[in-house]
Each structure stands twice: as structure tokens, then as C-alpha cells.
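If you read the protein sequences in the order shown, they are chains A and B. For reference, each letter of the first sequence is one residue, going 46 to 300 in the working numbering. For reference, each letter of the second sequence is one residue, going 46 to 300 in the working numbering.
2 protein chains.
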Amino acid sequence: MSKNDTHMTMRVVNHIRNMIETGGLQPGDRIPPEREFARKLRISRASLRTGIGYLAAMGVMDVRHGVGTFVAEGPPEIGKSSLSLLGALHGFQSWQMFEARRILESELAALAAERGKEQHFTALSEEVAEMYATVDNPIEYLIHDVRFHRVIAQASGNPILAALMETITSALYDERRKTAERSRDLRQSADLHREIYKAIRSRNAHEARAVMERHLAMAQSAQAQEAAESGTNGHAAASHAAAPAKRGKAGEKSV
Amino acid sequence: MSKNDTHMTMRVVNHIRNMIETGGLQPGDRIPPEREFARKLRISRASLRTGIGYLAAMGVMDVRHGVGTFVAEGPPEIGKSSLSLLGALHGFQSWQMFEARRILESELAALAAERGKEQHFTALSEEVAEMYATVDNPIEYLIHDVRFHRVIAQASGNPILAALMETITSALYDERRKTAERSRDLRQSADLHREIYKAIRSRNAHEARAVMERHLAMAQSAQAQEAAESGTNGHAAASHAAAPAKRGKAGEKSV
DNA sequence: GCCCCGGCAGTGGTCCGACCACTAGAATAC
DNA sequence: GTATTCTAGTGGTCGGACCACTGCCGGGGC
């Protein structure tokens, strides 16, 4: 359990937690420079850094070399980077991730149908159009695909579920980023997204959930097939080739 | 995120990640002492500690003062300790957490009905019996309540969903641990748990989901009522609405 | 013989003070 | 005006000393 001991790291965490809970620290705010802050807290800079590192690892703080340390901005992230590690450690299976995603996104779609605002419908519509326009460009298509789902999550009005979804999909893409989809699948995929959009727009929660479920089931079997063809891994724990892993733009901004 | 940069912390993380993925490191295993490990990795002990702290914050490592550092054992945890912080930061509402829990656990119950094994049924039955036996002891009752739900999560066969549920409920309890339930509610609660058990045992997924949903809806309204009565109304709801945008220099205060 | 307790060795925790690396903006050169 | 360079401020790394905790082992008391 969380010990509130003398542990310096917890002292820092609790201090900042307190500043957040009392409203003295808001997303985007900057905390004092390490040397100064450490002096004020009467602890060494090293200990302060330990605590900050802890908070940064949890996505609460955002440390920028040469600039400063800030309270994290933007949509919350829950253990986004940890899931793939935990997956490798506990041997999570691909189907389990897909199942989790299917459940989350289906309900998210239903909620979006119930609570979505006009602005969300507009955004969804635009992304669907972009998807149709890029069926021949898998890279571009993927961007709009991701955005589409992200808008739904936002429209659901539940940031916790949205964050959980983000965590899962992030881990999922982390594992599949090599298998590019074929464009004949993309056409079909776009159609399904359009159906989802229509169901949400007409506030048909049941339909939205059903179509979303169908869409994700197809995506899962499609990827399973690709994985089977390319030979290797069906598991989450496989050889991460030493490829330099340049990060794409799949996860940059919320729409 | 996964930049393979010179960043010492990432070098450590990737090194350990690699050891995990190649199977050279299993849950419960111990990593070398810091001084020795640092020498082997050709980095300073401080940097090594930064990386280990990062992994520990994500629940991948378990550091025990005076003993050693180990790969985390037991069921995976996803950002368990971070959710309450993120909640305070982004103003998560109680109803949002309950909604997330409701969705997750309903599906978990349905899955448990489909995939549960005899051992799970037995465990569930035992917990139900214990709940009936402790309706006059809220503290004891809560233990079996938690265990009951945990067994269901286990029976679902999806550790990811189980971990997500654990994260949510953990944050939820963190916020409510003061409002003790009244025994007349407990009797009713035990009845519902028994119904859930029966539905799962008879492999009636639909019924299991429905009853679980009903149970959690009741729990939610019960807690909302208690919170309203005692006025202590948890969480950042207040600061979220009433925070008067005091922009400007940040972090200059001594809390 | 058995048990308690103190010491000891090993390990993580904290501290210091110096220096490196990066960023943004100011000062300068063109 | 624009491009370049310089500089102050900030986080990142280092190593080396010392503190604090844990587990164990051996000696002393029973």
C-alpha cells in the first residue's frame, strides 16, 4: 500500500498531490526549478528528482530538459507506456487486448450516441470523409482512424473510459505497427466507420454498440490473419527487433 | 515515448525490458544489486536508480529497502496508484468512476459465466457464504465483497480487463474508505451477490451481466446518498467548478 | 538443547557538489 | 529585417560518501 512514511519520494508526491488537490496547481502549470524547490522542501535535489520521476512515470508531470517541469496537460493517460511492459511480463495475449478494446469501445460508442454533442458529430463526419479519401494511403488512413475513435471516446463524456481505451489501443498499435493494412480492407473499414457515425448521430446507442463490435471483430480477425501469414507472433511477448523505432504521428494530439 | 535515445533512464528501461521479453527475467526474479548492475551497464548508480524508479512507478519492479529489487509478482496492476492523482488533476467525477466500473464488471461477469471453471464457482460460493455470515460486520464484509469481484475478474480469463477493474475499484475505495455501509444494505447486497453467483454458475451470461449492473447501480446510489448526507462529498468536484482560474506565476506557494 | 539478542554484511535510500546537455531568448553581426 | 552567436537558466549525469533497513549468524543466557 501507499506508505506515507518518511520516504522522501512519498513526501514529494504527497506535497505535490496536495498542491493539486487544493487547486494550487493546475494542468500546464510549472513547478519551481529543482534546486530551488529542493531547498524549499528541505530535501536534497536527488530526492526531489526521485519523487518527480515517480510522478512523471505516472503521467502526472511532464519534465522538459532545459525548460522546466510542468503538470501534465492534455487528456489523461493511464499507464499508457506500462501496458506493453506488463504485457510482456505477464504474457498478455493479443486476443485479450482486442477483447478489452472491443468491450470498451462498444460501450464508448453507445455512450457517445447518448451524450454526443453536435461538435462531436461534425468531427466524426469529417474523419469519415478523410478516411474515404485516403483508402489508398494506409499511413494517412490510420491517422484518421485513430482520430475517429478518439472523438468517440471524447463524446462519451467519460474521460476515465477514454483514457483506458487510449491505453489499450496504444499498446495494440505498439505491437502491430509493422503490419500495414491492405486497401481493399480499408474500403470496407471506412464503410463500417460510416455506419458507426450514422448510428451515433441518430442517437441509436444499441446500433452504435453493435456496429462498433462488428468493426472491431473484423479488425481483430484481419490482423490475426496477417500475423499468421507473416509467420511469427501471436503473442504479446515476442522479439522486439532492434529496429530504431522512429515514432510516427499516430499519437500526437487529441482532436 | 520509447525513444532509444541516450537518455539513461530509457537505456535502463529498454535493457530490463529486453531481459523480460527474452525470458531472462521472470516475475519474482531479482535483479543485481544497484552498484554492481550500474557497473555492468556502464552508467552511474544514480541513473540506474532513475530507471528502476520509473519501472517501479509503473508496477513492473518491486524495490525493497535492505533486501533487493525484484520483478513484480502477483496480478498485474495498471496505474493503480496513479488514477487517484490523475483524478484529482483532471477533476474526475465519482459517477464517471462508477460508470467505468459498471461497464467493466458487467462484461467481466458475462465473461465469467462463459469461461468460469469449477474452482472459480467454488470460490465465489464461499465468498457469498462469508458475506452472509458477516452482514453485521461491515469491515469483514467488505473483504469478502472485494474478493468476490476479484474472483469474477479472474474467472473472466482476461487479465487485462481484470487489471483495469482493479485500478478503478482501488481508486473508488480510496475515496470512500470512510463511509461505512449500514448492515441493512449489506443484507440486500449479499442477496444480489448470490444472484450473480447463480447466474454465473448456470453460465447465463446475459443474466450475470444484468444482475451485476443492477448491483453496481444500487451501490452507486447508496454511496451517493451517504455522501450527500455526511456532506463530506469526496473528490475534486468542488475544485473543478469553483477554481477561479488564478493564472500567472505558478508554484511559488509553500503548502 | 533452545531461545533471545546483538553484531555484521549486504542492499537500497539520501545527500553533496560538481559538471554536462539542452532550450529559449537576448545580444550581436550581417 | 534576418540570421547567427552568446548566455542564463534548467534539467541530466556523475561519483563517492554516508545513512537506514533487512536478514542472518553466532554468542550468551536459560
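Where a beta carbon is used, it is the ideal one built from N, C-alpha and C, also for glycine.
Residues that residue i contacts on chain A, provided the C-beta gap is smaller than 7 Å
i                      : result
residue 137 of chain B : 204, 205
residue 95 of chain B  : 98
residue 258 of chain B : Under the 7 Å cutoff, chain A gives no residues; its nearest Cβ is about 11 Å from residue 258 of chain B.
CB-CB length for residue i against residue j, believed under 8 Å
i                      : j                      : result
residue 232 of chain B : residue 180 of chain B : 5 Å
residue 212 of chain B : residue 124 of chain B : 6 Å
residue 194 of chain B : residue 176 of chain B : Contact flag wrong, Cβ pair sits at about 11 Å.
residue 259 of chain A : residue 237 of chain A : 7 Å
residue 106 of chain B : residue 114 of chain B : 6 Å
residue 178 of chain A : residue 196 of chain A : At roughly 17 Å, the Cβ-Cβ gap does not stay under 8 Å, so residue 178 of chain A and residue 196 of chain A are not in contact.
residue 165 of chain A : residue 198 of chain A : Wrong, their Cβ atoms sit about 10 Å apart, outside the cutoff.
Chain-ordered neighbours of residue i on chain A, where CB pairs are closer than 9 Å
i                      : result
residue 218 of chain B : Ordered by position in chain A, no residue passes the 9 Å Cβ test against residue 218 of chain B, which lies about 11 Å from the chain.
residue 254 of chain B : What residue 254 of chain B touches in chain A: nothing, since even the nearest Cβ is about 11 Å away.
residue 141 of chain B : 202, 203, 204, 205, 206
residue 102 of chain B : 98, 99, 100, 101, 102, 103, 127
Own chain, CB closer than 6 Å to residue i, minus 5 neighbours either side, in chain order
i                      : result
residue 252 of chain B : 244
residue 265 of chain A : 143
residue 292 of chain A : Only weak support exists for where residue 292 of chain A lies, its pLDDT of 36 falling under 50; the value from the coordinates is given anyway. Within the same chain, residue 292 of chain A has no close Cβ partners at all.
residue 116 of chain A : 70, 72, 74
residue 278 of chain A : Reliability fails at residue 278 of chain A, whose pLDDT of 47 lies under 50, so the model's placement of it is uncertain and the value that follows must be treated cautiously. Correct list: empty, nothing qualifies.
residue 286 of chain B : Low local confidence applies: a pLDDT of 35 at residue 286 of chain B is under 50, so the model's placement there is unreliable, and no value is given.
residue 218 of chain B : none
Neighbouring residues, chain B, relative to residue i (Cβ below 7 Å)
i                      : result
residue 152 of chain A : 148
residue 158 of chain A : Going along chain B, no residue has its Cβ under 7 Å from residue 158 of chain A, so there is no contact; the nearest lies around 15 Å.
Residues near residue i in its chain [Cβ-Cβ closer than 7 Å; skip 5 each side]
i                      : result
residue 80 of chain A  : 90
residue 257 of chain B : 150, 151, 154, 241
residue 216 of chain A : 128, 129, 132, 142
residue 209 of chain A : 123, 149
9 Å Cβ cut-off: residues of chain B touching residue i
i                      : result
residue 241 of chain A : Those within 9 Å of residue 241 of chain A in chain B number zero; the least Cβ separation is about 18 Å.
residue 123 of chain A : 123, 124, 127, 128, 131, 209, 212
residue 264 of chain A : Ordered by position in chain B, no residue passes the 9 Å Cβ test against residue 264 of chain A, which lies about 17 Å from the chain.
Amino acids of chain B, ordered along the chain, whose beta-carbon sits closer than 8 Å to that of residue i
i                      : result
residue 134 of chain A : 65, 72, 105, 116, 117, 121
residue 91 of chain A  : 91
residue 145 of chain A : 203, 205, 206, 209
Sequence-distant residues of the same chain with beta carbon closer than 8 Å to residue i, five excluded per side
i                      : result
residue 118 of chain B : 72, 73, 107
residue 261 of chain B : 143, 146, 147, 150, 151
residue 214 of chain A : 146, 191, 194
Touching or not, the region 237 to 252 of chain A and the region 146 to 164 of chain A, by the rule of three or more beta carbon pairs under 8 Å?
The answer is yes - the region 146 to 164 of chain A touches the region 237 to 252 of chain A, with three or more Cβ pairs under 8 Å.
*asked:* Can you pull out the residues from the region 106 to 117 of chain B whose beta carbon lies closer than 8 Å to at least one beta carbon of chain A?
replied: Per Cβ criterion, the list reads 116, 117.
Would the region 123 to 142 of chain A and the region 181 to 198 of chain A be scored as touching if the rule is three or more Cβ pairs under 8 Å?
Counting C-beta pairs closer than 8 Å gives fewer than three between the region 123 to 142 of chain A and the region 181 to 198 of chain A, which falls short of the contact rule.
Stretch-stretch touch, CB-based, cutoff 8 Å, three pairs: the region 188 to 205 of chain A with the region 137 to 145 of chain B: Contact between the region 188 to 205 of chain A and the region 137 to 145 of chain B is present, with at least three C-beta pairs closer than 8 Å.
> Taking any Cβ of chain A, which residues in the region 57 to 87 of chain B have a Cβ under 7 Å from it, in chain order?
Replying inline: Of all residues in the region 57 to 87 of chain B, those with a C-beta nearer than 7 Å to a C-beta of chain A are 62, 65, 66, 72, reading in chain order.
Pull out every residue of the region 175 to 193 of chain A whose Cβ sits closer than 7 Å to any Cβ of chain B, in chain order. The residues in question: there are none.
If contact is defined by three or more beta carbon pairs under 8 Å, each pair taking one atom from either stretch, is the region 93 to 100 of chain B in contact with the region 56 to 70 of chain B? In short, these stretches touch, since the Cβ pair count reaches three.
Name the residues in the region 159 to 172 of chain A whose C-beta lies less than 8 Å from a C-beta of chain B; which are they?
Flagged: no residues at all.
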